[in-house]
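Working notes, beginning with the structure itself.
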Amino acid sequence: MTAAYALTLLARTKRVMSSSVKRLSAGVNTAGAQSSYCFLQMCSREETLLKKILIVGAGAVGAVYGWHLHRAGHEVHFFVKPAYRDTVSAGLVLHRLEHRATRREDWSAPRVADLATVAAERWDQVWLTLSSDALRGELAAQLLAAVGAATVVCLQPDLEDADYVRARVETPEQVVHGLITLISYQSPLPGRDDPPGIAYFLPPFTPAPFSGSPARLSGVVDALNAGGMAARAVADVAPAAAAATALLQPLIASLELNNWQLSTVPGSAPLRIGLDAAREALAVARQVTGARTAKFRPLLVPWLWRLFLPLAARLLPLPLEPYLHYHFSKVGVQTRLMLETYIRLGRQHGLETQALQKLLQALPSQSNRT
């Protein structure tokens, strides 16, 4: 589950509680339409031209972004490891999950690029859909050095990811920073008999927020909207993204400690550790990005999650527990990297990190997969 949509579901839970709790997640998920429209009007529009777009990674996230950019009429290429090139070239099958039905979408013969092609071509946009730990690998470094003056879309969740990318391209202004609001995974999940392919869900009322220099930003937002994926421009995505992620990541780690069992996590020792760690991570996010985190404090109590988790499982058109287990096991290295970032930045700013350290130490170690 993405941080943004998790908070949208919390908003629905709060309607049956008090009006004061109801306001908690409004800042992350539903910025006022008028302010978004005004900021979009300030962005200088690029001409509506077909773009040459490179998607780095053809996993469940990259395929969904690539599909919608392809639907908008753009020329989309994938950069993947050699072992996956034939699979991607053979075609992708996507299943758009909706509450009443599932829609199959076939993408025959997507284009695939190798590193030599990346360096030789001129790209309008490069979308980074790999994990935070893979972003720090040698292959990603070579790719960033080869993309020239392309707009680089950074979707990674770690507090330092966007700055990491800005430091490795020709100019920092190339980077457009975004927050993933979709849910996607390789189908079928373990133990399920769903059709094979990439299943994805675009949560309603949760347009993907992006920020960056106006000319480059408008090209990204317009391309997604034209392809049927809701997106919006914001002045700075970093604070809201940092706050939502600081709440979610420690809770994902606590779920891992609870063997990915949602039914027993409320009131459990792992959840208590996770909530304490989330409190510390939110303080780090506030210090580093200026995020407004006060609205998240009432969420740091176990009883709310006893209400929220069953509701989330009913509202989502996908098997929540198998999805969380599969997806966050796959990106376990990223989870640990992010906890390490909170601890390191917390220490630099003289903030408490004891719960974060306890949580990280309790997790089983994972080798880096980059």
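Numbering (this note's numbering), first residue to last: 10 to 379. Using N, Cα and C, we set each Cβ at its ideal position, and we do this for glycine too.
{"Query": "Sub-8 angstroms separation of His5 and Ala171 beta-carbons", "Result": "Absent from the structure is residue 5, since the part of the chain shown begins at 10 and ends at 379."}
{"Query": "Simplified DSSP state of Ser70, which is helix, strand or coil", "Result": "Note that residue 70 is Val in the sequence shown here, rather than Ser. Note: Val70 maps to helix in three-state DSSP."}
{"Query": "His186, enclosing beta strand (DSSP E) - first and last residue", "Result": "Val184 to Gly187"}
{"Query": "Distance, Lys339 Cα to Gln375 Cα", "Result": "10 angstroms"}
{"Query": "Contiguous beta strand (DSSP E) assignments of at least 3 residues, all confined to the region 69-113", "Result": "84-88 and 101-106"}
{"Query": "6 angstroms Cβ shell around Asp245 - same chain, five flanking residues per side excluded", "Result": "Ser220"}
{"Query": "DSSP bridge partner residues for Val65 (one or two, in chain order)", "Result": "Phe88 and Leu137"}
{"Query": "Sequence ranges, alpha helix (DSSP H) only - wholly within the region 329-361, length at least 4", "Result": "329-339 and 341-357"}
{"Query": "Beta-ladder partner(s) of Gln195, from DSSP", "Result": "Ile207"}
{"Query": "Whole-angstrom distance between Val310 and Ile64, CA atom to CA atom", "Result": "39 angstroms"}
{"Query": "Euclidean distance between Cα positions of Ala252 and Ala262", "Result": "16 angstroms"}
{"Query": "Neighbourhood of Leu226 by C-beta, 7 angstroms cutoff - its chain only, sequence neighbours within 5 removed", "Result": "Cys52, Val185, Phe219, Ser220 and Ala242"}
{"Query": "Residues near Asp203 by beta carbon distance below 7 angstroms, same chain, minus five either side", "Result": "Ser196 and Pro197"}
{"Query": "Beta-carbon proximity list for Ala122, same chain, < 8 angstroms, skipping 5 on both sides", "Result": "Leu63, His86, Phe87, Phe88 and Glu130"}
{"Query": "Delimiting residues of the beta strand (DSSP E) encompassing Thr273", "Result": "Premise fails: Thr273 is in no beta strand (DSSP E) and is neither H nor E."}
{"Query": "Phe305 burial status per 10 Å Cβ neighbour count (16 or more: buried)", "Result": "buried"}
{"Query": "Three-state secondary structure (DSSP) of Pro142", "Result": "Inspection of the sequence shows that residue 142 is occupied by Asp rather than by Pro. Three-state DSSP puts Asp142 in a helix."}
{"Query": "Per-residue burial, Lys367 [other beta carbons within 10 Å of its own, 16 or more giving buried]", "Result": "exposed"}
{"Query": "Alpha carbon of Glu107 to alpha carbon of Gly206, nearest angstrom", "Result": "16 angstroms"}
{"Query": "Exposure of Trp76, with buried meaning 16 or more beta-carbon neighbours within 10 Å", "Result": "buried"}
{"Query": "Collapsed DSSP secondary structure at Pro307 in the structure displayed", "Result": "helix"}
{"Query": "Member of Phe214, Val73, Thr180 and Trp136 whose CA lies at the smallest distance from the CA of Val102", "Result": "Val73"}
{"Query": "Sub-8 angstroms separation of Glu179 and Ala158 beta-carbons", "Result": "yes"}
{"Query": "Rounded C-alpha distance that separates Arg301 from Ala250", "Result": "11 angstroms"}
{"Query": "Whole-Å CB distance - Gly237 paired with Arg80, under 8 angstroms assumed", "Result": "6 angstroms"}
{"Query": "Cβ neighbours of Gly359 in the same chain (closer than 7 angstroms, five flanking residues each side left out)", "Result": "none"}
{"Query": "Counted within 10 angstroms of its Cβ, other Cβ atoms place Val166 as buried (16 or more) or exposed", "Result": "First, the amino acid is wrong: residue 166 is Pro here, not Val. The residue in question, Pro166, is buried, as its Cβ has 16 or more Cβ neighbours within 10 Å."}
{"Query": "Bridge partners - Val243, DSSP secondary structure assignment", "Result": "According to DSSP, which records beta bridges pairwise, Val243 is partnered with nothing at all."}
{"Query": "Cβ pair Leu271, Glu330 closer than 8 angstroms", "Result": "yes"}
{"Query": "Span separating the alpha-carbon of Gln183 from that of Ser222", "Result": "8 angstroms"}
{"Query": "Boundaries (first-last residue) of the alpha helix (DSSP H) holding Ser227", "Result": "Pro223 to Ala235"}
{"Query": "Beta-ladder partner(s) of Thr160, from DSSP", "Result": "Gln134"}
{"Query": "Cβ-Cβ separation, Gln134 to Gly228 (assumed contact under 8 angstroms), whole Å", "Result": "7 angstroms"}
{"Query": "Spatial distance of Ala128 from Ser98 (CA atoms)", "Result": "20 angstroms"}
{"Query": "From Ser117, Leu78, Ala110 and Thr111, residue whose alpha carbon lies closest to that of Asp95", "Result": "Ser117"}
{"Query": "Straight-line gap, Gly71 to Ala239 (C-alpha atoms, nearest Å)", "Result": "16 angstroms"}
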